[in-house]
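Q: One structure coming up, written as structure tokens, with questions to follow.
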Amino acid sequence: MSHYPHLFSPLTINGMTIKNRIIMPPMGTNLASLNGEVSQEQLDYYELRARGGTGLITIENICIDFPFASNGTTQLRIDNDQYIPGLFKLTETLHRHGACVAIQLNHAGASAYAYRLNGETPLSSSSTPSKKNGNTPRPMTHEEIYHAIDKFGEAAERVRRANFDCVEIHGGHSYLISQFLSPLFNKRDDEFGGSLENRARFLTLVVDKVRASVGPRFPVSLRISADDFLAGGNTLEDSLRILELCQDKVDIINVSAAQNDSLNLQIDQMSLEDGWKRYLSRAVRDKFHKPTVIAGNIRSPKVAEDIVASGDADLIAIGRGLIAEPEWVQKVQSGNERLMRKCISCNIGCADHRIARSRPLRCSINPDIIHGDAYKLRNVTRTTNVVVIGGGTAGMEAACTAAEVGCMTWLLEEKTHLGGLSCEISRLPEKTRIADFPLFMKNRLASLNNLMLQVGKRADVTSVAALHPDLIVNATGSVPLLPPIDSLQEHIDLADGNVFSITGMINNLDRFTKTQGKRIAVVGGGAVGLDVVEYFATRGANVTLIEMLDAPARDLDIITKNAMLNLLEEHRVEQHMQTQLMAVSADHFTVKNAQSTFDIPFDYGFICLGMRANRAGFDDIDRWARENNIKMMNIGDSVMARRIIDGVREGRSVLDTLEDMGALGKEFHF
């Protein structure tokens with residue numbers, strides 16, 4: 001605690017005392033029931049973060065007027081009194097752990113979930129969609145505007161009755177209030193459009209109504225997009241002028257940023273540094289002298305402490321970091337940071353699941369966001385030997401999980417180091433955050449006395465059999481996919497060559513320090529190829545991208561995809577879509593599209609056609625296991641090249657296999 005005195009000091013705001021400066025900001029979960037009630041799974045999810053020491057938990061945005069205000073497939077509702085009992089139970093549960101609890105009121109406007117509208121047109125300030133290719137809304141009538149204002153007030157009154165400590169108004173992120181505030185969306189010519197004062201009128205009336213509904217001694221927070229980060233949108237200076245019109249009736253200003261079309265700056269892309277938005281909250285705090293909240297890829301407790309100590313903000317919003325590590329506060333406060341899962345900002349199980357795929361919330365590096373480490377309360381009922389082959393993230397998760405429930409566990413890794421592909425990719429400057437996960441896994445592994453590690457030797461039948469396994473887990477990962485293309489094998493990854501796979505590129509990063517003006521050709525517009533494009537394009541190279549499909553970034557999460565498409569445009573990357581690699585030469589690729597066959601010259605060329613499962617040694621060991629009636633699992637990329645989230649989930653599923661074997665004790669129930 002002495003290392004972070006500001007971070008763990010209490011703060012009182014209008015009668016609400018928050019025990020530390022860490023808050024959980026509102027993040028959709030898709031865990032509510034279909035009719036908008038709090039589910040048991042959702043209650044358990046939030047309780048886990050309260051038990052972990054979080055000071056203030058802001059429940060995800062809640063629908064104030066169904067269906068036109070709705071956002072997402074399974075969103076909480078507060079548009080009538082029948083939702084109060086479930087919300088009261090939620091606040092009651094979180095309060096038992098000493099957490100303060102807020103909830104965010106929201107009207108989605110043009111961003112409303114289309115399937116909830118049953119064919120009706122969404123509402124907005126004007127007829128401008130809230131994102132590229134979004135649904136076209138219709139302008140709200142005056143009657144509809146004042147109806148929405150009333151709904152904010154009614155919802156705020158229910159928030160107080162449900163025993164929340166604070167209410168937050170969502171005024172950003174391309175939702176309805178933001179659709180009035182931003183000139184990108186608001187094209188009205190009445191008293192709700194045109195000038196900044198007119199565009200802010202809807203917000204000021206909402207703030208007035210909410211304050212009147214909860215009274216003067218109840219904390220009200222306002223979340224805004226302080227900068228749209230889009231040409232023609234509101235800037236920080238505009239937002240400061242808007243806040244002048246309403247800040248006197250709010251107690252907390254939650255400073256966020258961006259709109260739908262700059263989503264990678266709202267839900268921060270991986271490459272952005274810790275606390276990069278802190279200058280925004282500083283400007284707001286300096287002008288209005290009110291408690292402010294800031295988010296922005298804040299993973300390091302040292303950065304969080306510095307933000308508070310320097311006066312840049314009063315409260316630190318740890319969003320995805322608390323999905324990954326529910327015990328963030330406890331582990332930092334107790335000096336146990338080495339065993340803290342740091343979010344790697346991959347945005348796959350959180351943002352992409354919810355926004356792009358309508359799936360429930362998940363996390364790449366935390367395979368159980370609902371119950372956390374409850375599985376450790378179970379134990380094997382008999383001596384059980386588990387041998388895990390492969391020390392990447394999937395293999396380490398399987399080995400640690402097995403050891404944590406009492407198995408005698410061996411982890412065998414052919415290389416002399418652990419971490420697999422995640423460690424390799426993290427050597428790219430824009431991907432360094434990924435290294436935090438294998439580092440955590442190594443620390444976790446080292447804390448287990450019943451987990452033995454063997455490195456530097458490939459596992460075979462003899463070495464595995466000598467360990468007398470009851471269960472074998474194969475997690476040998478993946479290797480670059482190199483199809484039978486003319487002259488590819490003759491040129492790829494040569495010591496003095498200019499053609500590289502992704503692993504060849506990473507192993508030769510020192511060759512690519514001077515990239516300004518270099519001609520770079522990258523074959524493959526998926527995740528691997530775009531990592532290479534990002535590296536060279538942002539360092540002044542002239543990059544050409546070659547892809548067989550009709551568009552790049554098809555396999556990327558929604559945040560990274562948005563970032564990469566913007567990068568391709570900003571850095572003028574030459575793109576050849578629906579183009580096939582035909583042959584490889586030392587200084588050019590021969591490619592073919594529907595019109596012609598032609599050469600693309602390069603100084604460095606990269607073959608990034610993805611990864612394939614590494615099955616080296618698998619068949620022999622699998623055959624021996626079947627002959628000896630020994631259970632065998634194959635997990636992660638050694639099944640099929642995928643993402644960290646898949647391998648880690650399958651690594652944790654060693655529990656299911658142990659249970660199927662009859663070796664694991666009864667499941668623990670809360």
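The letter at position 235 of the sequence shown is residue 235 when you use the UniProt record's numbering, and the numbering goes up by one with no holes. For glycine and all other residues, C-beta sits at the position ideal for the given N, C-alpha and C.
Excluding five sequence neighbours on each side, which residues of the same chain lie with their C-beta closer than 6 Å to the C-beta of Lys376?
A: Closer than 6 Å at Cβ, skipping near neighbours: Glu404.
Q: Would you kindly work out how many angstroms separate the C-alpha atoms of Gly153 and Ile252, rounded to a whole number?
A: Rounded to the nearest angstrom, the two C-alpha atoms are 18 Å apart.
Q: Looking only at C-alpha atoms, which of Ile621, Arg642, Glu41 and Ile365 sits nearest to Met633?
A: Taking only the C-alpha atoms, the option nearest Met633 is Ile621.
Q: Is it the case that the stretch 19 to 29 contacts the stretch 47 to 58, given that we only count it when at least three CB pairs across the two stretches are under 8 Å?
A: Taking 8 Å as the limit for Cβ pairs, the verdict is that the stretch 19 to 29 does touch the stretch 47 to 58.
Q: For Ile370, which three-state DSSP category applies?
A: The answer is coil: DSSP assigns Ile370 none of H, G, I, E or B.
Q: Given 7 Å as the limit, tell me if Leu482 has its C-beta closer than that to any heavy atom belonging to the ligand GTP.
A: For the structure depicted, the ligand GTP is absent and the ligand set is empty, with no information on it obtainable.
Q: Where does Asn198 fall in DSSP's three states?
A: Here Asn198 sits in helix by DSSP.
Q: What does the Cβ neighbour count give for Leu658, buried or exposed, with the cut at 16 atoms within 10 Å?
A: With 16 or more Cβ atoms within 10 Å of its Cβ, Leu658 is classed as buried.
Q: With a threshold of 16 other CB atoms inside 10 Å of the CB of Ala212, please say whether the residue is buried or exposed.
A: Exposed: under 16 other Cβ atoms inside 10 Å.
Q: Under DSSP, the beta strand (DSSP E) around Thr58 begins and ends at which residues?
A: Run containing Thr58: Leu56 to Cys63, per the beta strand (DSSP E) assignment.
Q: Where does Leu509 land, buried or exposed, given buried means 16+ other C-beta within 10 angstroms?
A: Classification of Leu509: exposed, given that the 10 Å Cβ count is below 16.
Q: Suppose the cutoff is 7 Å on Cβ atoms and the five residues either side in sequence are ignored; what does the same chain contact list for Ile13 look like?
A: Taken in chain order, the residues that qualify are Pro219, Asp251, Ile252 and Pro291.
Q: Any contact between the stretch 513 to 520 and the stretch 595 to 615? By contact I mean 3 or more CB pairs, one from each, below 8 Å.
A: A contact exists between the stretch 513 to 520 and the stretch 595 to 615.
Q: Considering only residues of the same chain and omitting the five flanking positions on each side of residue 677, which have a CB-CB separation below 6 Å?
A: It is not possible to answer for residue 677, since the shown part of the chain is limited to 1 through 670.
Q: Go through the stretch 201 to 281 residue by residue and report every complete run of the alpha helix (DSSP H) that reaches 4 residues or more, in order.
A: Those alpha helix (DSSP H) runs which fall completely within the stretch 201 to 281 and span 4+ residues are 201 to 214 and 236 to 244.
Q: What number of angstroms, rounded off, separates the C-alpha of Phe670 from the C-alpha of Arg199?
A: Confidence in Phe670 is poor, its pLDDT being 42 and thus under 50, which makes the residue's placement unreliable; the coordinate value appears in the next sentence. Answer to the nearest angstrom: the Cα atoms are 50 Å apart.
Q: Do Asn106 and Tyr46 come within 8 Å of each other at the CB atom, strictly closer than that value?
A: No, they are not a contact pair.
Q: Which whole-angstrom value is the C-beta distance of Arg138 and Leu117, which I expect to be below 8 Å?
A: With a Cβ gap of about 12 Å, Arg138 and Leu117 do not count as contacting.
Q: Could you give the first and the last residue of the continuous alpha helix (DSSP H) run that contains Gln333?
A: Unbroken alpha helix (DSSP H) run through Gln333: Trp328 to Gln333.
Q: What does Asp599 pair with, by DSSP beta-bridge criteria?
A: Answer by DSSP bridge pairing, in chain order: Thr590.
Q: Counting along the chain, where does the alpha helix (DSSP H) carrying Phe440 start and finish?
A: That run of the alpha helix (DSSP H) goes Asp436 to Ala446.
Q: Going by alpha carbons, who is nearest to Val332 out of Ser300, Asp352 and Met452?
A: The candidate whose alpha carbon is nearest that of Val332 is Ser300.
Q: Who are the near neighbours of Lys131 in its chain, counting only those whose CB is closer than 7 Å to its CB and skipping five residues on each side?
A: Ser174, Asn260 and Asp261.
Q: Counting along the chain, where does the beta strand (DSSP E) carrying Lys151 start and finish?
A: Run containing Lys151: none in the beta strand (DSSP E); it sits in the alpha helix (DSSP H), His142 to Arg161.
Q: Identify, in the order they occur along the chain, each residue of the same chain with its Cβ nearer than 6 Å to the Cβ of Ala309, setting aside the five sequence neighbours on each side.
A: His6, listed in sequence order.
Q: Reducing DSSP to helix, strand and coil, say where Ser130 ends up.
A: Coil at Ser130, not helix or strand.
Q: Using CA coordinates, which residue listed in Val207, Phe180, Val206 and Leu205 is at the minimum distance from Gly194?
A: That would be Phe180, whose Cα lies nearest to the Cα of Gly194.
Q: Reducing DSSP to helix, strand and coil, say where His576 ends up.
A: In this structure, His576 counts as strand in the three-state DSSP scheme.
Q: Per DSSP, residue 673 forms a beta bridge with which residues?
A: In the structure displayed, the chain extends from 1 to 670; residue 673 sits before or after that span and is not available.
Q: Count the other C-beta atoms from every protein chain shown that fall within 10 angstroms of the C-beta of Tyr4, then say buried if there are 16 or more, exposed otherwise.
A: Under this definition Tyr4 is a buried residue.
Q: Would Leu361 pass as a contact of Cys343 if the rule is Cβ separation under 8 Å?
A: It is not a contact, given that the beta carbons lie outside the stated cut-off.
Q: Could you check what DSSP says for Glu168 in three-state terms: helix, strand or coil?
A: Reduced to three states, the DSSP call for Glu168 is strand.
Q: Over what stretch of residues does the beta strand (DSSP E) that includes Lys631 continue unbroken?
A: Run containing Lys631: Lys631 to Asn634, per the beta strand (DSSP E) assignment.
Q: Do Val387 and Ile472 have their C-beta atoms within less than 8 Å of each other?
A: Going by C-beta atoms, Val387 is nearer than 8 Å to Ile472.
Q: Note down the Cα distance separating Ser596 from Asn474, rounded to an integer number of angstroms.
A: So the two alpha carbons sit approximately 45 Å from each other.
Q: Do three or more CB pairs link the stretch 634 to 649 to the stretch 378 to 394 at distances below 8 Å?
A: Touching, per the Cβ criterion.
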